[in-house]
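Undergrad: Starting off with a structure, shown below.
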Amino acid sequence: MSLVGHRPDGPGARPRVVLVGPMGAGKTTVAGLLAEAWGVTARDTDADIVAAEGRSVADIFVESGEPEFRRLEHDAVERALGEHDGVLALGGGAVLDPTTRERLAGHTVVFLRVGLSDAVKRVGLGSSRPLLLGNVRGRIKTLLDERAPLYESVATLVVDTDGRTPEDVAAEIREALADQRALAEREENA
Ligand code: S3P
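This is the structure in structure tokens:
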């Protein structure tokens, strides 16, 4: 295996790791911790969309509708996968797009798994997330049930986050990826 050195963001770069999982899994926080530990930058597709559009995710949903948000999200993921070399966190619904799921093949993808009770606690019952309006607990349960198979289908590593701190979760990811890399190198040299 040839170990690729640190390349700056730009064409040809690829994320060191991509984090997927539902709202409340802690993707953004864990991405920041991993990036800090590795000395790279963290990027978040929701933040990219907000910056490009100049309006919040909630406003995009209300003013333009979910299909338009998903279109923007698809493009944001595509761009970030092709030019970001640090840690990339995807919005919780990014894996709904079959092309995005295919595009994730060959990347190191970590599914941050969370159960209903921890997800509700982390998101908060007063969440402003557009998909949770009305009945936060019920909506999260539906999203978790519907999407778990999609997250699992793209993941190269699954990490449970229930009852754990983001620091603990980030440490497990670092160790697991180091082990995977060592194994791949041993197999390459065998
Ligand atoms: C969504 C998750 C949100 C954001 C939008 C839709 C979803 O991102 O993209 O509100 O469909 O699960 P986070 O997972 O970062 O909260």
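Each residue of the sequence shown is one higher than the one before, starting from -17 at the first, in our numbering. All residues carry an ideal CB built from backbone N, CA and C; glycine is no exception.
1) E35 to N171, Cα distance in whole Å?
2) Checking 8 Å against the spacing of the C-beta atoms, do G14 and G74 come in under that value?
3) Where DSSP assigns a beta bridge to L94, which residues make up the other side?
4) Would you say A(-5) and E84 are within 8 Å of each other, going by their C-beta atoms?
5) Between the region 89 to 97 and the region 125 to 143, do three or more beta carbon pairs fall short of 8 Å?
6) By alpha-carbon positions, which one of G8, L70 and R37 ends up nearest to R(-2)?
7) Would you report the Cα separation of R146 and A19, rounded to the nearest angstrom?
8) Going by DSSP, what residue range makes up the beta strand (DSSP E) through D26?
9) For the region 36 to 45 against the region 121 to 130, do three or more pairs of beta-carbon atoms, one drawn from each stretch, fall closer than 8 Å, so that the two count as touching?
10) Hey, out of L139, P148, E128 and R53, whose CA is closest to K9's CA?
11) Are the CB atoms of V12 and A137 nearer to each other than 8 Å?
12) Closer than 7 Å: is that where the CB of L125 sits relative to any heavy atom of the ligand S3P?
13) With a threshold of 16 other CB atoms inside 10 Å of the CB of L165, please say whether the residue is buried or exposed.
14) Could you have a look at L107 and say whether DSSP puts it in helix, strand or coil?
TA: Put simply:
1) Translated into the one-based positions of the sequence shown, residue 35 becomes position 53. Translated into the one-based positions of the sequence shown, residue 171 becomes position 189. Their Cα atoms are separated by approximately 47 Å.
2) The count along the sequence shown starts at 1 and reaches residue 14 at position 32. The count along the sequence shown starts at 1 and reaches residue 74 at position 92. Not in contact: G14 and G74 (Cβ atoms no closer than 8 Å).
3) Here residue 94 is taken as the residue at index 112 of the sequence shown, counted from 1. Answer by DSSP bridge pairing, in chain order: V141.
4) Taking the sequence shown and counting its residues from 1, the one referred to as residue -5 is at position 13. Taking the sequence shown and counting its residues from 1, the one referred to as residue 84 is at position 102. Not closer than 8 Å, so no.
5) yes
6) On the sequence shown, position 16 is the one that residue -2 refers to. That would be L70, whose Cα lies nearest to the Cα of R(-2).
7) Mapped onto the sequence shown, residue 146 falls at position 164. Mapped onto the sequence shown, residue 19 falls at position 37. Cα-Cα distance, rounded: 18 Å.
8) Start at 1 with the first residue of the sequence shown, and residue 26 comes out as number 44. First-last of the beta strand (DSSP E) with D26: A24 to D26.
9) no
10) Position 27 of the sequence shown, counted from the start, is the residue given in the question as residue 9. Considering only alpha carbons, the answer is P148.
11) Mapped onto the sequence shown, residue 12 falls at position 30. Mapped onto the sequence shown, residue 137 falls at position 155. Not closer than 8 Å, so no.
12) Against the sequence shown, residue 125 aligns to sequence position 143. L125: yes, Cβ under 7 Å from the ligand S3P.
13) Residue numbering aside, residue 165 sits at position 183 when the sequence shown is read from its first letter. It counts as exposed.
14) One-based indexing of the sequence shown puts residue 107 at position 125. The answer is coil: DSSP assigns L107 none of H, G, I, E or B.
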